[in-house]
Every structure is written in structure tokens, then in C-alpha cells.
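K.L.:
Protein chains in written order, with our numbering: chain C, 10 to 791; chain Z, 160 to 364. Every residue gets a Cβ at the ideal spot worked out from N, C-alpha and C, and that includes glycine.
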Amino acid sequence: MKILRATTLLLSFGAILLALYTLPRVQLENDILALFPATERRADLAAAADHIRARVDRKILLLLGGQDRAAVREAVPEFLSHLRDCGCFSTVGANPDRSAWTELHKLYTQHTPALLSRSTRESFSQNGADALVRNSLLRLMTNPGPALANQLQQDPLGTLADFLAQTNEMPDGFRLDEDGSLWIENGAVHYLLIQAELADSPYSVRLQENVRSALEKAKAAFAEAAQGEVLQTGALFYAMAGTEQARSEISTVGLGSALGIVALLLIVFRAFNVLVLALFPIAVGVLLGLSVCHWLFGRIHIVALVFGASLVGVAIDYALHFFTLRQTSGTAWQVDKGLRELLPALTLGLASSVAAYLSFSLAGFPGLTQMAVFSATGLCGSYAVVVGCYPLLLRKPARSPAPAYLLTLSTHYHDGFSKYRHHLRSWKVALMGLVVAAGLVQLHANDDLRSMQTPNEDVIAMDLQVRALIGHQAALQYFVVAADSEEALLQSLEALEPQLQSLREQGHISQYQSLSQWLPSAGTQTANRALWQTQVMESGALNGLFEHLGVRADIRSRLLQHHSEPVSPLTLEQLAPLLKQLPEAPVWYHHDGRSYGVILLQGLTNIDAVRALAETRDDLFWMDPVSQIQQLLRDYRLSATLLLPPAYLLILLALLWRYSWRDSLAIVAPPLMATLLTLSVLGWLGQPLSIFNLMALALVLGLGLDAALFMRECDGRHRQTLVAIGLSSITTLLSFGLLAFSATAAIRSFGLTALLGISGCLFLAPLALPRALDADAPTQNQ
Amino acid sequence: MTLRLLLLLSWLLLALPGRCQDVFQHPLAGGDHGAAFAQLAAAMKSQSLVQGAFTQTKHLQMLERPLVTRGSFTLSPERFEWRIEHPFTLAYSFADQRLTRETDGGRQTVQPAAEPALFGFFSFFSSLFSLSQSSLEKLFAVYFLPSEETWELGLTPLQPQLATSIRQLHISGSETRIHQVRLTETSGDITDIQFSYPPQTPVAP
């Protein structure tokens, strides 16, 4: 006992210290996809999503628009200086740093004969090099620009330029000005494109704060200087809107439940010190849960935070048990004895709650696992405070007894309930059954993820506006190609190019990004060199070009030697460090010794036609994250629906061990009827069913069964028990039911279901009373 | 090779006409000719249309003889046309920050990333007439020397990336007309463009 108290005391102080250290580091996540497990069963393919995400997560785009181009341009330096001052960006500017591209270009020029585009190869095999030489001569002799000598050295036939054009096609809407800045013209408005890379994760709350204030200043300055508007897009802005929503939700839901609990405590216990003491374990619990989640998962999903914090709110029960016992003991209160009396109930309560919450993680949803860990560790923290700190703080007996009207109220309710139940006509039961059944019939399911996530509408609207301006409609769907080696990957990607090109020509996609556009396979490079050697060198075509231009003899022989020098093929290893720095570079990765390439698509208009490509090859996989998750949610909803009836049956069978058929049914009745009623109300309200409603129904089963068992075992103290159940139901309602007012549809449907179900359980609890007690209740208690 | 290049470079520098050296002694910033430059810039900006003929001569060290191109050009605020007639027919058109090349084979968009030097040339020249001192000074150290009839403008690039390939630009003209542009690369190669204007073209006030 002493050891337990000392440990828990130590634990609660440890929790507070840990929380103080952790809080400033917490990162919030609001992407609803992160709540769910990787839909892809193959981990190697699932990794593609992480790589794509890593590419875009930290990027933001800002468009500075105004009618007067010069004014916009003049306002840029001040705008940028505001952003740079905040220190939240690793790079920010109107002229993206192209040094990686310059380096890459330098590397490419050493492999000109190996880097031929498909059209160049076709031209070689059809007309030899003649057409290219003629064309090149034309360009070289008339080129008004500088660096002609470089061209003769690096790309005498313009074949490399042709190869590079396919890697780096500028979208139609873009214009490059003389400063190297990108502009988008939209009617009378000129938009200057500013690209920035965040210095930290977009989910870091601290970073979001800094960006918000810096952007506000920068936008105000820009609006004043150029009378223009600023458009923005990027994962950051979704994250910021999510944080804002979570903050307001925690303050409304959290404040609502806290105020409700405070009012309840003041009414029942009539003491302020009790109030502070009651909230203390919850505060420690929430902070501990937050800290543990931070260290375990890195970032905490907003849904897990809101749910988790509410679930820890159940810890108020521990405090209530303690206070109630103290109050009813009156002057005979001895803290050690009291604690000893309470400890089994408290520990059992903690164990069963923790077990119940942790069972949420069985669903395999990462978000639910976070929530389970949050609430389970949080409850342990609260328990530690109650067991460790309360005995030190609540030595003295309570000053005022419990208010008598609560008992009167519960008596009235109980009596009324019994009376009504005994005078119930069968036609009324049938009518109620019909109404409930009519509601159940109206139930429909909806597993559409997008209807459950309600991201900030302004952010979406702005995102769409920017995408429309940029004309860059990146598709959510993509292909992944798997291969045993880098070379095999490049070969597979190459083999796909003709098909992708034909999809482009048919207008099913507007553009695609594939590694093979940036690097031909070693096999193709060797073949290209052989083609170059015969068509360009041995045919004398290049020599003819040089002669025609009048290249001096000594330089000519040096150049000819340079262009026929055997060079080993360019490898991905050489390119990788440079490609990693380019935002437009393709995505590829390695997993368990195999190589994978992602083919990103733009302007996807015909999903079926494009998806069909995946059926032509075994190593090509079509990835459609949204529809996969939808399917997964449907599977979980169906399995949860199928699991609930067996769960009730199993509980009924377990009850039969101790009780008669009749009593067992009576104990199961409150949660079961509450569940049916809830479903019926949802049906009447037109609320669609998803996995989130079913999770709430599982909670209703647990809580309702608890309450019913208490009623059954109350041993004649049913009015006091009803008060206790009422208090704990109301606190539970305050913690869960308020979620019905959340702005996130998923949380809202959970909250609404919990609200209906738990109230149902509370009102129907007397159904579980032992038969003798119930039938005689009205007369016995008068 | 390096030694020969150095010798060539020093020869080129010495061989440059004296007046070329002069203008680079007169930085625009902090000099006495700011007002004259602003006047010239304003006058150039007000021109709606400039057209004429050009002769371009490229002196490359690796070539035995210079490459000579002749043709005509049209420059308006919206569009910069560069029509080459000799030795081949080929036209470049730069409008709305987009460069297209027209040959008998057809029309083709030049991707800035694929042919940066060519794109840079057109991007720079099309905006030359509308550039203010401040916007020029973002990219170049600007030198300016007006005399009674003529003026000279010297530009040396500030951006390291531009400076690796271009040593300087020397532009001379009278009133609002550019007569000659001489581009000297860091390699010592020189592109010389002479402009001539048909007599009937009205000169902007």
C-alpha cells in the first residue's frame, strides 16, 4: 500500500515534469488519411505514398497578383523580407535556386551521345543524321545568343536540348521574365510565383504560428504597395486550418465539458477545493497522454487528441468515487481506510477502461491506436494522482453532506419508470417498436472519406484557384513500377513510355513524370552510343557539320575525338543527389533491395482508360488512395456491424452463468435497447452510418452494461446507485456527447451516437433492477 | 590550352576599340549621367514600334572565319520578331515571355531550360527598351556615357550564373536608336550586331 502510494505520487510528479518538457514540441496532424492504416497491403507499394508526401509536405506556393506588373515586382523584396525574418523557411524566393539544375546539366553534357530522345532515335533510324545536321547547322549559324562554342562542344546536333525538353517542359500558363522569375497571366492580373520550403514540418504548431504572423505582415505590406491579392497553397495551409479547428474545438468541447463538470461538482459537493482537486487528475492525465503520444508517434492526430482528451475525462469518476465516499462517511472519514476500501474498485475500473480503450487499437487504425494510447496512459496518470496525491490532500472529513434532493429526484424517476413500465399496454409497445423499426429501415451507409473530412472551405477554394491558374492538375492516382534492380526499373519505365505517350495523345492525361524521362537505362544508353557512333561519327556527318561551320582543323579533330570517346553509362547513383534537390524531378525509391519508380500523372480525365494500363503488366501497379481507403472503411464498417450482435450474445451467455435467463436479458436490455433506439434516431435524422458510429455503439455497450450491472448488484441501494450512475453518465455525456458539436464530421457522428446511446442507457438502467425489488418498489419505499 | 586562351583573351581585351574601354569608366550609379539616362529610357519606352535590318557577326575562336547572319527585326511592346534571311530563312518570335522558332519544318516552342542562352538573349533584348535604371541594376553593373550625338551603354553581369558565360555587353546608339550591340563572352568569343534603320521610319520624339 505504502509502496503503491509512493510510486503513484512519484509517477504523477514525473508526468507533470514530462509534460512541461514535451508540450512546446508537440506536432499536430490533421490529414484524415493518417488516421487509417496503409491501405496497401504490400509495404513496398505503400512506401510510394510516403515518398510522394515527403516531396510536397514542406513546399508552399504563393502567388502575388496585381494589375500593375511593375508595382508587383517592386513590392516583392519587402514581401520576401517579412517571410525571411520569421526564420520558418529554409528557402523562399521568386527565383528558385537553379544551381542543382546547372550541375545536372553539366553532368548531362558529358553524356550527350548516350542521351537521345525517342524522336531523335527515330529520326536517326529513318533518315540517318542528315536531317539533324541540316537542322543543327541552321540553328548554329543563325543563333543570336551567346555560348555557341559551348554548344559545339557539348551538344553539336541539339540532341541533348531535345532530350532535356522532355524533362523540363514548362507548363503552358507560365512565363519566365528577364529576372528569371515565374509569372502567370490571368486576364488583367499578373501573378508572380513565389516558392518556399519550410524549415520544419508543416505540422509543427510553433512553425505554423510563426508563418501565420509573418504572412499577415507580408500580405498587409503587399496589399498596400501593389493593391494586389496573395493566393497561397500547400499542405501547410491545410495543417494550419486544422490546428485552428482543433484549438477552437478543444476550447468549445473542452470548455463545455469542464464547465458542466464544474457545475455538477459544485451542486453535489458544495465545495470549491473539491472542484480544483477533481480537475487536477484530468489535467495530469491529458498532459501525460499528450506527452506519451508525442514520444511514441512523433505527431498527434487532431482526432486522437480530441477523442483522447474526452476519454481521459472519464477519470472524473475516480475523483467522484473518492469524494462520495468521503462525503457519505461524514466525521468518521479516515483517509487510509477510505482509500483501501476504494482501491479495488478504482483499480478494476482503471483496468477495464484501459483494456476497453486499448481494444480500440485492434481495429488497426493508426489514429485509433494513438487515441487508445492517449486515453490509456492518460487514465493511468489520473489514477496515479487520485491514489498518490488525494490521500495527502483530503485528510479531513467533508464539511457538508450530499444534497437530499438528488436522492428524491432519483426516487421519483425510479418510481415513475416502474409505474409506467407496469402499466404499459402491448399496443403501445407495438407502436414504439414500429416507430423504431421505421427508423432502422431508413438507415444508410456512407464510407466516403471526403464527406467525413471537412477541411477548411476557404483553403480548398484558394487551392482550386491556384491550381486553375497554374494549370497543373496533379492527379491523386499514380502508377508504381517495381523491379529487381535500378537498371530493370529504368527498362520497365522505358517500355511504358510509348503507352503513356499514347494516353497523352488521346487526351486521357495531359502530362506524366517518370524517371525514364531523366535517365535512359544503361542498355538504352549503350544502344544510343552505338547509333551515334555509326550515324554521327562514322558517317562523317559531324565532321561535315564542323567543316561547314569552318571549325579550325586542330579544334575539329579534338572535338571529333571528344564526341566519339567511350564513356561508361550515366548512373542513377550519379544523378540522385542532384535530382533530390529538384522539385520537378520524378519520384523513385528502394525497398528491401528492390527498386520502385512512381509515375505521377497530370490532367487525368479518363481514369478507366489509364488504369487499364496496369492490367497489361505484372510489375505495374495502379494506386488510387481515395478509393482504397473508402473500400477499407466499408470493410471495417461491415465487420464492426457483424461483430456487435455476437458480442451481445456472448455477454448474454456469460451472464447466464450467474443469473437466470430473465435477469440476464434484463441486464443486457438497457444497452441493447439504447443501441436500437440510437440507430433508429440516426435513421430518422438521415445520418449516414460509418465506422465511427459503430465505434460509439461499442462504447455504449461497455458503459451501458456497467451501469446495468451496478443496478443489478445495488443490493437495495438502488436510489443511491441511480444517483451514482446518473453522475457518471452525465460526466461521460459531457465528455463524449459534446463531440456531437465538432466540426469534423467523423468526430461529430461518433459524438452524436455516444450522446444518444449513453442517455438511452441512463434512462433505461432501471430495467436491469432485480425483479422482486422492481415490482415492489413503489410500495416498499413509501 | 589554358595559356593560349589567356593570350587570346588579353589580345582581345587590348584589341577592343578605345571607346569600348571608355564607357566602362563611367558607372551610372553615382555618376553625372543619371538624368540623361532616365531621359533616354523614357524616350525609348515611349516608342511603340521599332523595325529595321541587322547584320550579326560572330567571332568564335574555334572558327576560321566569322559567322555572318543578316535579316530584319521588329520590336513592339508586345512582340519581338527576329527574321533571319541569310544564310538561311529562320524566324524567332518572342511574345508574352514565350519563344517560338519557325523554320520550313514548322513552328516549335523553345524550352528555356533546354536552350537557356538563346532564351536569355530574347528575354533580355525584348525588355531592353523598357528597362529602368533600377531594374537594369538588379542584373548588371551599368555604365553610361552620353556625348552630343551618341550614347554608349555598358553592362557587366552581377549574377554569378550569368557572369560565368558573359563578360560584358556594349551597346551604342543615337537618340532612341540602337546602332550596335557587342556581346563579349568570358571565353573571348564576340557577337557583334549592327542595326540599320530604313530612312522612312519615323524617329520618336
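1) Rounding to the nearest angstrom, what Cα-Cα distance links residue 280 (chain Z) and residue 204 (chain Z) in this structure?
2) What does residue 192 (chain C) reach in chain Z if we use C-beta pairs closer than 8 Å?
3) When the Cα atoms are used, what is the spatial distance from residue 329 (chain Z) to residue 339 (chain Z)?
4) Which whole runs of the alpha helix (DSSP H) in the stretch 482-567 of chain C are 4 residues long or more, in chain order?
5) Once you ignore the five residues that flank residue 445 (chain C) on each side, which residues in its own chain have a CB closer than 8 Å to its CB?
6) Excluding the five sequence neighbours on either side, which residues of its own chain have a C-beta within less than 6 Å of the C-beta of residue 441 (chain C), listed in chain order?
7) Taking the DSSP output, what are the residues bridged to residue 351 (chain Z)?
8) Could you give the distance in angstroms between the alpha-carbon of residue 216 (chain Z) and the alpha-carbon of residue 155 (chain C)?
9) DSSP state of residue 235 (chain Z), grouped into three classes?
10) Which term fits residue 796 (chain C), buried or exposed, when burial requires 16 or more other beta carbons within 10 angstroms of its beta carbon?
11) Out of Z:311, Z:227, Z:309 and Z:326, point me to the one whose CA is closest to residue 317 (chain Z)'s CA.
12) My understanding is that residue 382 (chain C) touches residue 327 (chain C), with C-beta atoms under 8 Å, so please give their C-beta distance in whole angstroms.
13) Would you say residue 700 (chain C) faces chain Z, with C-beta separation under 7 Å as the test?
14) With DSSP run on the structure shown, which of helix, strand or coil describes residue 221 (chain Z)?
15) Throw me the rounded Cβ distance for the residue 24 (chain C) and residue 296 (chain C) pair, which I believe falls under 8 Å.
16) If you measure beta-carbon to beta-carbon, which residues of the stretch 199-219 of chain Z are closer than 7 Å to chain C?
17) Run the CB neighbour count on residue 402 (chain C), radius 10 Å, all protein chains shown included, and call it buried at 16 or more, exposed below.
18) For chain Z, is any of its Cβ atoms less than 7 Å away from the one on residue 561 (chain C)?
19) For residue 604 (chain C), write down the residues that DSSP places opposite it in a beta bridge.
20) Helix, strand or coil for residue 342 (chain C), going by three-state DSSP, please let me know.
21) Which of helix, strand or coil does DSSP assign to residue 576 (chain C)?
22) If we cut at 7 Å on Cβ distances, does residue 270 (chain Z) have a partner in chain C?
23) Assess, as a yes-or-no matter, whether the stretch 187-207 of chain Z is touched by the stretch 240-249 of chain Z under the definition of 3 or more beta carbon pairs within less than 8 Å.
24) Report the three-state DSSP secondary structure of residue 643 (chain C) (helix, strand or coil).
25) I want to see whether chain Z comes within less than 7 Å of residue 575 (chain C), judged by CB atoms only; does it?
26) Going straight from the alpha carbon of residue 215 (chain C) to that of residue 228 (chain C), what length do you get?
27) For residue 154 (chain C), return the contacting residues in chain Z, with the cut-off set at a CB-CB distance below 7 Å.
28) With a threshold of 7 Å between beta-carbons, can residue 546 (chain C) be considered close to chain Z, or not?
29) Could you tell me the distance, in whole angstroms, from the CA atom of residue 213 (chain C) to the CA atom of residue 300 (chain C)?
30) So which residues on chain C does residue 325 (chain Z) lean against when the C-beta distance must stay under 7 Å?
31) What would DSSP say about residue 247 (chain Z), mapped onto helix, strand or coil?
32) For chain C, is any of its Cβ atoms less than 7 Å away from the one on residue 180 (chain Z)?
33) Does chain Z have any CB closer than 7 Å to the CB of residue 484 (chain C)?
34) What's the gap between the Cα of residue 696 (chain C) and the Cα of residue 453 (chain C)?
35) In or out: residue 605 (chain C) buried (at least 16 other Cβ within 10 Å) or exposed?
36) Assign residue 625 (chain C) to one of three DSSP states: helix, strand, or coil.
P.N.:
Per the coordinate set shown:
1) The alpha-carbon separation between residue 280 (chain Z) and residue 204 (chain Z) amounts to approximately 19 Å.
2) What residue 192 (chain C) touches in chain Z, judged by beta-carbon distance under 8 Å, is 256, going in chain order.
3) Approximately 8 Å between the Cα atoms of the pair.
4) Those alpha helix (DSSP H) runs which fall completely within the stretch 482-567 of chain C and span 4+ residues are 495-514, 531-541 and 550-558.
5) 685, 686 and 689
6) Result list for residue 441 (chain C): empty, nothing under 6 Å.
7) Note: residue 351 (chain Z) sits in a beta bridge opposite Z:216 and Z:341.
8) 12 Å
9) coil
10) The structure shown does not extend to residue 796 (chain C), since chain C is modelled only from 10 through 791, so no value can be given for it.
11) Z:326
12) With 8 Å as the limit, residue 382 (chain C) and residue 327 (chain C) do not qualify as a contact, their Cβ atoms being about 19 Å apart.
13) no
14) coil
15) 7 Å
16) 215, 217 and 219
17) With fewer than 16 other Cβ atoms within 10 Å, it is exposed.
18) yes
19) C:492 and C:599
20) coil
21) coil
22) yes
23) no
24) helix
25) Closer than 7 Å: no.
26) Distance from the CA atom of residue 215 (chain C) to the CA atom of residue 228 (chain C), rounded to whole angstroms, is 20 Å.
27) 276, 277, 279 and 280
28) no
29) 15 Å
30) Counting only Cβ-Cβ distances below 7 Å, residue 325 (chain Z) has contacts in chain C at 155, in chain order.
31) In this structure, residue 247 (chain Z) counts as coil in the three-state DSSP scheme.
32) For residue 180 (chain Z), the predicted model reports a pLDDT of 49, less than 50, meaning its position is unreliable and no value from the coordinates is stated.
33) no
34) 8 Å
35) buried
36) helix
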